[in-house]
Every structure is written in C-alpha cells, then in structure tokens.
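Going by this note's numbering, the first residue of the sequence shown is number -18, and it counts up by one from there. C-beta atoms are modelled at their ideal positions from N, C-alpha and C, and glycine is treated no differently. Written below as structure tokens is the structure these notes are about.
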Amino acid sequence: MSLALDLTNVSKTYPNGVQALDGLSMKVEQGIVFGLLGPNGAGKSTLVKVLMTLVRPDSCDGRLLDRPVGDPSQLRRTGYLPENAAWPAHLSAEQILRLAGSLRGLSSRENKRQTAAILETTGLEAWKNDRPAVFSKGMRQRLGLAWALMGDPDLIFLDEPLDGVDPIGRKEVRDIILDLRDRGKTVFVNSHVLGELELMCDSVAILSRGRVVRQGTLDSLTRESFRYDIEVAGNALGDQQLVDLVHQLGGELAMDPESGVTRITIPTRRPHLIQPVVDEIRRRGHLLISASPARQSLEELFLEAVTTARGP
C-alpha cells in the first residue's frame, strides 16, 4: 500500500493555550479522495496548515509523498486551497492563475497551457478577464480550486472547497475531484458538507479535540450498522407474535403516529434473515409498504463518533 500521508504524534498548542492537535496519527493512501471531518475547533484546518508548513507544530513525525513533512521537494508536488482564500484585487482570474504558475516555476508556454486548461476545467473560462471582487462565493471557491491545481500536483489539499457553492456547483466540483482521483491524484478534503463527502470520499477520518477518533473506508466504518428497514401500514405493535419474532432477531419496532406507519429495524446485511418477518407480516394480514437495506449515513456516523469521544 503506497501512502500519500503517514503521520504520527502531531501536536500543536497555540500561545493562548488552545490545544488544536493532540498526538494525532493518520495514514492516507495514494490515489483516493480522503475526507477529514470534525466539529468546529477539532483541529482540521490546523492539521492542513501544519502539513503546508504554515503553522509550526510542537511535534510531528511522518512523511508526505514519501518525504519528511516540510521538505521543499514534497511541497512542490502539493496543491492547496485555504479556507476563505483572498486574491489580489487588481488581478483577473487568468492573471491570478498565471501568477500561480510563475510561483510554481512553470515555463511561459506551460503556464499559458495549464491556465487555459484549468480555467475550462473549473468552469471559469468565460470569466477569465474578470476580477474576483465581482465573483460570487461559489465562483471564488472555483478560483481557489483552480489555483490549487496549477503545477499538476500529486496531492491536493482542499480546505472547505464547497463552502458557499450552490447544489449545481457542488456537483461540478465533485466531478472535478473524482476526475483527479481517476487520474491517480490524491485529494484531501476538509469539509463540513457531509452529504457531499459521502458521495465522493473513498476513506474518511473523524477528528475530535485534536485526535482521530475514527478512520477507514465508509463501508468498513458503517458495516456494523447495516440493517433492513421495514414499513408496515397501521399500528402493528399490538401483534405480539410479530413483535416477538422481531425481538428474536434483535430488531426494534416503533409506531409513527403522524404517518400511521409501524417501522421495523432489523440489524443484518443478510436478506434471507428478514424473510420470516416479511412472511409473518403478510400472514397476519398487515400491509407491507417496503423492506429495504440501509446503514448509517456519514452524518449519523459523525455524530456518534464525536458524541462518544466527548464522553458524558
């Protein structure tokens, strides 16, 4: 397994006494979309700034792109979109990207080629001569993404890339990120838009109080929560035989008075195990509305992990 990021014991306490990172350890494979989640103040932005050498850690053992964290050679292979990025007011979008290319050391010809290609990729080609001051928040985020892509980096850090982006724009940004992954790039996304992360991330880590409290693929993290949800018309709680059968399978029943539906949840990923319940529902004359597989959403997983980490 090739790693884009291999960190151990990353710590940072600010002069005001706030401990942003507390012995954090993390591994990120190459060629994936990796999502970093956490409540406000969990240390997400501080971690990215440490990796980009913008914040000096108290301790940091690890490697980025197989080089020590902070090595100039690995920084040349990384792209970075900071949260709330600010741009020179007197430059157009095209000029800003040309500036990025110059800072990357691109030749004039390659700089021009990459700028044109990335403006088109990020949907900014029609506004290349406009200044960011007239852009919407979503367009400024696209410009930040374009900036991060200049120089064709192998590892791209995106800090809240979907902030202020409308639903159509979010899909466009997601498609760009997935295309980068398909080209072998590693994309490290720090975001609070959990629904979008669930759609594009191969693996995630959840931070709480400066530590990783959960990490893995979405499938591995939610495997234990896999279940079947069954809906029955009317109140089936009075059917003791059905209730007993559901309880024998470790399931639960609840009546929703507003919808008039009884919801049955059975913790299993094996469809044949719910068949006796479906048969019993029909045999007892109840109307079966639906029976479908389900598992924890990323939001549910996140809330559970953070609540557990905080303790009572």
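Residue i (DSSP reduced to helix, strand or coil)
{"i": "residue 57", "result": "coil"}
{"i": "residue 261", "result": "helix"}
{"i": "residue 34", "result": "coil"}
{"i": "residue 181", "result": "helix"}
{"i": "residue 123", "result": "helix"}
{"i": "residue 137", "result": "strand"}
{"i": "residue 64", "result": "coil"}
{"i": "residue 287", "result": "helix"}
{"i": "residue 11", "result": "coil"}
{"i": "residue -17", "result": "coil"}
{"i": "residue -6", "result": "strand"}
{"i": "residue 277", "result": "coil"}
{"i": "residue 162", "result": "helix"}
{"i": "residue 201", "result": "helix"}
{"i": "residue 172", "result": "coil"}
{"i": "residue 84", "result": "helix"}
{"i": "residue 79", "result": "helix"}
{"i": "residue 47", "result": "coil"}
{"i": "residue 255", "result": "coil"}
{"i": "residue 23", "result": "coil"}
{"i": "residue 106", "result": "helix"}
{"i": "residue 239", "result": "coil"}
{"i": "residue 3", "result": "strand"}
{"i": "residue 29", "result": "helix"}
{"i": "residue 266", "result": "coil"}
{"i": "residue 155", "result": "helix"}
{"i": "residue 112", "result": "coil"}
{"i": "residue 42", "result": "strand"}
{"i": "residue 143", "result": "coil"}
Residue i, buried or exposed, once every other Cβ within 10 Å from all chains shown has been counted against 16
{"i": "residue 110", "result": "exposed"}
{"i": "residue -1", "result": "exposed"}
{"i": "residue 149", "result": "exposed"}
{"i": "residue 235", "result": "exposed"}
{"i": "residue 275", "result": "exposed"}
{"i": "residue 287", "result": "buried"}
{"i": "residue 222", "result": "exposed"}
{"i": "residue 231", "result": "exposed"}
{"i": "residue 282", "result": "buried"}
{"i": "residue 113", "result": "buried"}
{"i": "residue 199", "result": "buried"}
{"i": "residue 269", "result": "exposed"}
{"i": "residue 84", "result": "exposed"}
{"i": "residue 239", "result": "exposed"}
{"i": "residue 241", "result": "exposed"}
{"i": "residue -3", "result": "exposed"}
{"i": "residue 117", "result": "exposed"}
{"i": "residue 88", "result": "exposed"}
{"i": "residue 24", "result": "buried"}
{"i": "residue 26", "result": "buried"}
{"i": "residue 75", "result": "buried"}
{"i": "residue 1", "result": "buried"}
{"i": "residue 217", "result": "buried"}
Proximity of residue i and residue j at Cβ, strictly below 8 Å
{"i": "residue 46", "j": "residue 135", "result": "yes"}
{"i": "residue 99", "j": "residue 80", "result": "no"}
{"i": "residue 247", "j": "residue 259", "result": "no"}
{"i": "residue 86", "j": "residue 95", "result": "no"}
{"i": "residue 5", "j": "residue 28", "result": "yes"}
{"i": "residue 219", "j": "residue 129", "result": "no"}
{"i": "residue 271", "j": "residue 233", "result": "no"}
{"i": "residue 127", "j": "residue 105", "result": "yes"}
{"i": "residue 103", "j": "residue 123", "result": "yes"}
{"i": "residue 178", "j": "residue 35", "result": "no"}
{"i": "residue 159", "j": "residue 131", "result": "no"}
{"i": "residue 244", "j": "residue 210", "result": "yes"}
{"i": "residue 119", "j": "residue 62", "result": "no"}
{"i": "residue -12", "j": "residue 11", "result": "no"}
{"i": "residue 215", "j": "residue 267", "result": "yes"}
{"i": "residue 138", "j": "residue 32", "result": "yes"}
Beta-carbon separation (whole angstroms), residue i vs residue j, contact threshold 8 Å
{"i": "residue 146", "j": "residue 290", "result": "Contact flag wrong, Cβ pair sits at about 29 Å."}
{"i": "residue 174", "j": "residue 143", "result": "5 Å"}
{"i": "residue 13", "j": "residue 184", "result": "6 Å"}
{"i": "residue 261", "j": "residue 226", "result": "6 Å"}
{"i": "residue 3", "j": "residue 192", "result": "5 Å"}
Original post:
If you pair each beta-carbon of the segment 137 to 157 with each one of the segment 244 to 256, do three or more pairs fall below 8 Å?
Top reply: Contact between the segment 137 to 157 and the segment 244 to 256 is not established, with fewer than three Cβ pairs separated by less than 8 Å.
Original post:
Counting pairs of Cβ atoms below 8 Å between the segment 162 to 169 and the segment 185 to 195, do you hit three or more?
Top reply: Contact fails: fewer than three Cβ-Cβ distances are below 8 Å.
Original post:
How do the segment 40 to 47 and the segment -11 to 6 stand: do at least 3 beta-carbon pairs fall below 8 Å, yes or no?
Top reply: When Cβ pairs closer than 8 Å are counted between the two stretches, the segment 40 to 47 is seen to touch the segment -11 to 6, the count reaching three or more.
Original post:
Are the segment 199 to 209 and the segment 53 to 64 in contact at 8 Å, needing three or more beta carbon pairs?
Top reply: The segment 199 to 209 vs the segment 53 to 64: no contact.
Original post:
Is the segment 62 to 78 touching the segment 14 to 22 in the sense that three or more CB pairs, one from each, lie closer than 8 Å?
Top reply: They do not touch, by the three-pair rule.
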